[in-house]
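Asks: Numbering (the numbering used here), first residue to last: 1 to 159. Okay, handing you the structure first.
Below, the structure written as structure tokens:
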């Protein structure tokens, strides 16, 4: 069986960053999948499900309410390995074009206070598994260590 694209990335050399994971054609449209890598694979501890779940709720809420990207957002959710998230957008994008959007989104997550959107039994299948303080921590870490000083090696997969 052929390996899927995400299993061909060198996870030993992969740094936290913002990468184009793949581009697909759906009909006549391009769909871009981004790899939002928060922790270094196989080097740093993975995120726990509670903070991943909180970031997912806040990130999806932010993106689906964004004045420009709401109609382009197809999906935002966690990677199974819990080292980051995937963002799928309608359109043909490069990683560098999404840095400002990710800065906005992670600042929103870092600064969010109050009830996490959708964190109730009626709206979510596991609403008790949330950790807002740790979501703040990872958002702040990603902003300061990656996005605020992003370099080409954190925008392009290692070869």
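For each residue, glycine too, the CB sits at the ideal point set by N, CA and C. None of these values were measured; they are calculated from a predicted model.
1. In angstroms, rounded to a whole number, what distance separates the CA positions of residue 141 and residue 7?
2. In whole angstroms, what separates the C-alpha of residue 139 from that of residue 52?
3. What is the DSSP secondary structure of residue 128, reduced to helix, strand or coil?
4. Identify every run of the alpha helix (DSSP H) within the segment 60 to 139, keeping only runs that are complete inside it and at least 4 residues long; order them along the chain.
5. Apply the 10 Å Cβ neighbour rule to residue 102 and answer buried if 16 or more other Cβ atoms are within range, or exposed otherwise.
6. Are residue 11 and residue 45 close, meaning C-beta to C-beta below 8 Å?
7. Mapping DSSP to helix, strand and coil, what is residue 22?
8. With distances taken between CB atoms, is the gap from residue 119 to residue 130 smaller than 8 Å?
9. Given a cut-off of 8 Å on the beta-carbon distance, is the pair residue 30 and residue 92 in contact?
10. Check this for me: beta carbons of residue 74 and residue 89, under 8 Å apart or not?
11. Tell me whether residue 38 is buried or exposed, calling it buried when 16 or more other Cβ atoms sit within 10 Å of its Cβ.
12. Would residue 145 and residue 16 be called neighbours here (beta carbons separated by less than 8 Å)?
13. Where does the unbroken beta strand (DSSP E) through residue 36 begin, and where does it stop?
Replies: Taking the structure as given:
1. Translated into the one-based positions of the chain shown, residue 141 becomes position 141. Translated into the one-based positions of the chain shown, residue 7 becomes position 7. Whole-angstrom Cα-Cα distance: 26 Å.
2. Position 139 of the chain shown holds residue 139. Position 52 of the chain shown holds residue 52. The alpha-carbon of residue 139 is positioned some 11 Å away from that of residue 52.
3. Looking up residue 128 in the chain shown gives position 128. In the structure shown, residue 128 sits in coil (DSSP, three-state: anything other than H, G, I, E or B).
4. Within the segment 60 to 139, the complete alpha helix (DSSP H) runs of at least 4 residues are 99 to 111.
5. Position 102 of the chain shown, counted from the first residue, corresponds to residue 102. Burial call: buried.
6. On the chain shown, position 11 is the one that residue 11 refers to. On the chain shown, position 45 is the one that residue 45 refers to. Residue 45 sits away from residue 11, with the two beta carbons spaced by 8 Å or more.
7. For the purposes of this step, residue 22 is taken as residue 22 along the chain shown, with counting starting at 1. For residue 22, the secondary structure class from DSSP, reduced to helix, strand or coil, is strand.
8. In the chain shown, residue 119 corresponds to position 119, counting from 1. In the chain shown, residue 130 corresponds to position 130, counting from 1. Result yes, Cβ atoms of residue 119 and residue 130 sit closer than 8 Å.
9. By 1-based counting over the chain shown, the position of residue 30 is 30. By 1-based counting over the chain shown, the position of residue 92 is 92. With respect to the 8 Å criterion, residue 30 and residue 92 are classified as neighbours on the basis of their beta carbons.
10. Position 74 of the chain shown, counted from the start, is the residue given in the question as residue 74. Position 89 of the chain shown, counted from the start, is the residue given in the question as residue 89. Yes, these two residues count as a Cβ contact at 8 Å.
11. The residue labelled residue 38 in the question sits at position 38 within the chain shown. Result: buried.
12. As a working note, residue 145 is residue 145 in the chain shown. As a working note, residue 16 is residue 16 in the chain shown. Cβ distance < 8 Å, so residue 145 and residue 16 count as in contact.
13. Position 36 of the chain shown, counted from the first residue, corresponds to residue 36. Looking at the DSSP string, the run of the beta strand (DSSP E) that includes residue 36 is 29 to 37.
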